[in-house]
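Enquirer: Handing you this structure, nothing more for now.
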Ligand code: HEM
């Protein structure tokens with residue numbers, strides 16, 4: 007018999023930030039749909055329940071006028087539904103298609119990775135997060151969005167400000183102020199580049215949205231650039247660090263990769279499953295519905311916790327383990343349904359195909375720095391905060 011949604015307040019947001027996985031495991035077992043009181047949201051934590059939501063856009067739309075993303079970035083494609091969403095998605099096709107990634111973006115990403123590694127090589131030590139993954143993700147993203155002259159540190163700061171804003175369930179005023187500064191910074195950069203891009207169209211997201219037949223409004227173009235700034239930087243950065251950490255702490259798996267570099271595809275997908283960079287994203291309930299044995303009401307705000315679903319033992323054996331030999335099962339770290347990540351092919355090439363093989367090929371005997379510990383943090387967005395490494399320069 008279906009029940010009303012159980013409430014859970016046995017965890018603080020700080021504990022979730024440190025390590026949300028024990029809470030997810032408990033919720034999957036005892037309350038797979040629960041009202042997570044500290045975050046003020048209903049969370050769905052099991053794989054099949056999330057798939058049920060993602061298969062039914064009418065009952066569970068992405069649009070919600072309370073959306074923190076709309077508050078922080080404007081009305082992006084990620085919070086649109088049906089034909090309206092399709093039109094936005096189509097306007098980005100030229101940038102994100104697998105063919106554009108292969109022919110246009112890959113050589114650019116290769117050059118950027120090589121330049122950063124050239125600069126690091128002699129040092130013999132680095133923090134993969136700060137010294138490689140963050141500048142790499144930011145410099146690649148400047149090209150992809152179409153603002154190549156921007157300062158990569160500004161883009162990185164603004165991306166983090168957007169993501170902190172979108173995850174600001176604790177309503178921290180300083181976080182809203184940083185998100186507002188990022189909003190203005192991106193709008194000014196778009197203004198500065200508008201004439202140049204109109205005169206010389208290219209493969210970038212801005213150019214793709216300007217040039218498509220029947221373009222969307224300028225305000226919507228600006229909002230979509232902001233969602234790409236948010237979603238296109240932290241995630242590839244974090245998964246780069248997760249892979250380096252996972253391989254360096256699992257020498258048997260590293261050995262297999264070094265012997266067979268084609269494994270980068272499996273390694274990339276397993277890392278996105280193991281520590282999903284977007285841990286949770288929202289949907290709204292448009293009518294009374296039962297899910298996971300609980301009744302949700304019209305207007306309820308849902309958090310789909312894909313980070314939890316990707317560790318669901320009903321789907322993945324030994325789910326807490328990073329294991330490139332596990333039985334192939336699709337994960338939902340890139341989402342599911344119409345909003346399936348638009349940048350999937352960009353991320354696969356940028357991180358899996360280029361960054362990871364180059365780091366392990368070019369930095370001899372790459373290993374974790376025994377003097378400094380790696381750190382992870384976050385739950386709405388989660389990843390390594392620091393991965394100190396050394397190599398034989
Ligand atoms: C490993 C890296 C990445 C992960 C794990 C990831 C994950 C996700 C997820 C879970 C969603 C669905 C959100 C929702 O339904 O509310 C999404 C959507 C999206 N992602 Fe990614 N992403 C990654 C990289 C990128 C990159 C590199 C870009 C662009 C440069 C990008 C652009 C987008 C866009 C534009 C959407 C919205 C799609 C839509 O609403 O139709 N992502 N991503």
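Residue numbers (my numbering): 7 to 399.
C-beta: ideal position from N, C-alpha, C; glycine also.
Is the CB-CB distance between residue 167 and residue 184 below 8 Å?
Expert: In contact: residue 167 and residue 184 (Cβ atoms closer than 8 Å).
Enquirer: Could you check the C-alpha separation between residue 43 and residue 27 for me, to the nearest Å?
Expert: Each residue's Cα considered, the two are about 17 Å apart.
Enquirer: For residue 306 and residue 292, I'd like the C-alpha separation in whole angstroms.
Expert: Cα-Cα distance, rounded: 8 Å.
Enquirer: Using alpha carbons as the reference points, say which of 369, 40 and 317 lies closest to residue 124.
Expert: Of 369, 40 and 317, the residue nearest in Cα terms is 369.
Enquirer: Tell me whether the beta-carbon of residue 237 lies closer than 8 Å to the beta-carbon of residue 199.
Expert: No, they are not a contact pair.
Enquirer: Helix, strand or coil: how does DSSP classify residue 38 here?
Expert: DSSP places residue 38 in coil when its eight states are reduced to three.
Enquirer: Just list the residues that DSSP pairs residue 287 with in beta bridges.
Expert: Answer is 310, bridged to residue 287.
Enquirer: Do residue 287 and the ligand HEM come close, with the Cβ less than 7 Å from some heavy atom?
Expert: Yes, since a heavy atom of the ligand HEM falls inside the 7 Å radius drawn around the Cβ of residue 287.
Enquirer: Just to check my reading of the structure: residue 98 and residue 215 have Cβ atoms closer than 8 Å, yes? What is that Cβ distance to the nearest angstrom?
Expert: Contact flag correct, Cβ pair sits at about 7 Å.
Enquirer: For residue 28, which three-state DSSP category applies?
Expert: Of the three classes helix, strand and coil, the one that applies to residue 28 here is helix, per DSSP.
Enquirer: What are the start and end residues of the beta strand (DSSP E) that includes residue 126?
Expert: From DSSP, residue 126 is part of no beta strand (DSSP E) but of the alpha helix (DSSP H) over 112-126.
Enquirer: Are the CB atoms of residue 192 and residue 231 nearer to each other than 8 Å?
Expert: Taking 8 Å as the Cβ cut-off, residue 192 and residue 231 qualify as a contacting pair.
Enquirer: Taking 7 Å as the cut-off, is the beta-carbon of residue 284 closer than that to any non-hydrogen atom of the ligand HEM?
Expert: At least one heavy atom of the ligand HEM is nearer than 7 Å to the Cβ of residue 284, so yes.
Enquirer: Who are the Cβ neighbours of residue 118 in its own chain at under 7 Å, not counting the five residues just before and after it?
Expert: Same-chain partners within the cutoff: 142, 145 and 146.
Enquirer: Can at least three beta-carbon pairs, one atom from the stretch 338-358 and one from the stretch 56-75, be found at a separation below 8 Å?
Expert: Taking 8 Å as the limit for Cβ pairs, the verdict is that the stretch 56-75 does touch the stretch 338-358.
Enquirer: To test your reading of the DSSP string, which unbroken alpha helix (DSSP H) runs of 4 or more residues are found completely within the stretch 57-103?
Expert: If we require 4 residues or more, the alpha helix (DSSP H) runs fully inside the stretch 57-103 come out as 74-79, 88-96 and 99-102.
Enquirer: Buried or exposed: where does residue 259 fall if 16 or more other Cβ atoms within 10 Å of its Cβ makes it buried?
Expert: Buried: at least 16 other Cβ atoms inside 10 Å.
Enquirer: Have a look at residue 246 and residue 354 and give me their C-alpha separation to the nearest angstrom.
Expert: The straight-line gap from Cα to Cα measures roughly 10 Å.
Enquirer: So, with DSSP's three-state summary, where would you put residue 372?
Expert: Residue state, collapsed to three classes: coil.
Enquirer: With a threshold of 7 Å (Cβ to nearest heavy atom), would residue 349 be considered close to the ligand HEM?
Expert: The answer is yes for residue 349.
Enquirer: Bridge partners for residue 302 per DSSP, in chain order?
Expert: In DSSP, residue 302 forms a bridge with 295.
Enquirer: Just checking my contact of residue 240 with residue 387 at CB under 8 Å: how many whole Å lie between their CB atoms?
Expert: With a Cβ gap of about 6 Å, residue 240 and residue 387 count as contacting.
Enquirer: Among residues of its own chain, excluding the 5 on either side of residue 154, which ones have a beta-carbon nearer than 6 Å to its beta-carbon?
Expert: So the list reads 148, once near-sequence residues are dropped.
Enquirer: Less than 8 Å separating the beta-carbons of residue 105 and residue 309?
Expert: Taking 8 Å as the Cβ cut-off, residue 105 and residue 309 do not qualify as a contacting pair.
Enquirer: Taking just the CA atoms, how far does residue 287 sit from residue 278?
Expert: Those two C-alpha atoms are separated by around 15 Å.
Enquirer: Report the residue from 13, 75, 24 and 67 whose alpha carbon sits nearest the alpha carbon of residue 47.
Expert: It is 13.
Enquirer: Thinking C-beta only, is residue 273 closer than 8 Å to residue 338?
Expert: Against a cut-off of 8 Å, the Cβ pair of residue 273 and residue 338 comes out as no contact.
Enquirer: Look up residue 133 in the DSSP assignment and say whether it is helix, strand or coil.
Expert: It is a strand residue.
Enquirer: When you compare only the Cα positions, how much space is there between residue 266 and residue 363?
Expert: Straight-line Cα distance between these residues: approximately 11 Å.
Enquirer: Looking at residue 30: is its Cβ nearer than 8 Å to the Cβ of residue 332?
Expert: Their beta carbons are not under 8 Å apart, which means residue 30 does not touch residue 332 by this criterion.
Enquirer: Quick check: the Cα distance between residue 115 and residue 360, rounded to an integer number of angstroms?
Expert: Distance between the alpha carbons of residue 115 and residue 360 is about 7 Å.
Enquirer: Within a Cβ cutoff of 7 Å, which residues of the same chain sit near residue 221, ignoring the five residues on either side of it in sequence?
Expert: For residue 221, where only same-chain residues beyond five positions count, the Cβ hits under 7 Å are 97 and 215.
Enquirer: Is it the case that the CB of residue 242 approaches a heavy atom of the ligand HEM more closely than 7 Å?
Expert: Result yes, Cβ under 7 Å from the ligand HEM.
Enquirer: Contact defined as beta carbons within less than 8 Å: I believe residue 39 pairs with residue 15. What is the distance between those atoms, to the nearest angstrom?
Expert: No, residue 39 and residue 15 are not in contact; Cβ-Cβ is about 16 Å, not under 8 Å.
Enquirer: Let me check understanding here. Comparing Cα to Cα, which of 164, 90 and 294 lies closest to residue 9?
Expert: Of the listed residues, the one whose Cα sits closest to residue 9 is 294.
Enquirer: Following a CB-centred definition, is residue 352 positioned closer than 7 Å to any heavy atom of the ligand HEM?
Expert: Residue 352: yes, Cβ under 7 Å from the ligand HEM.
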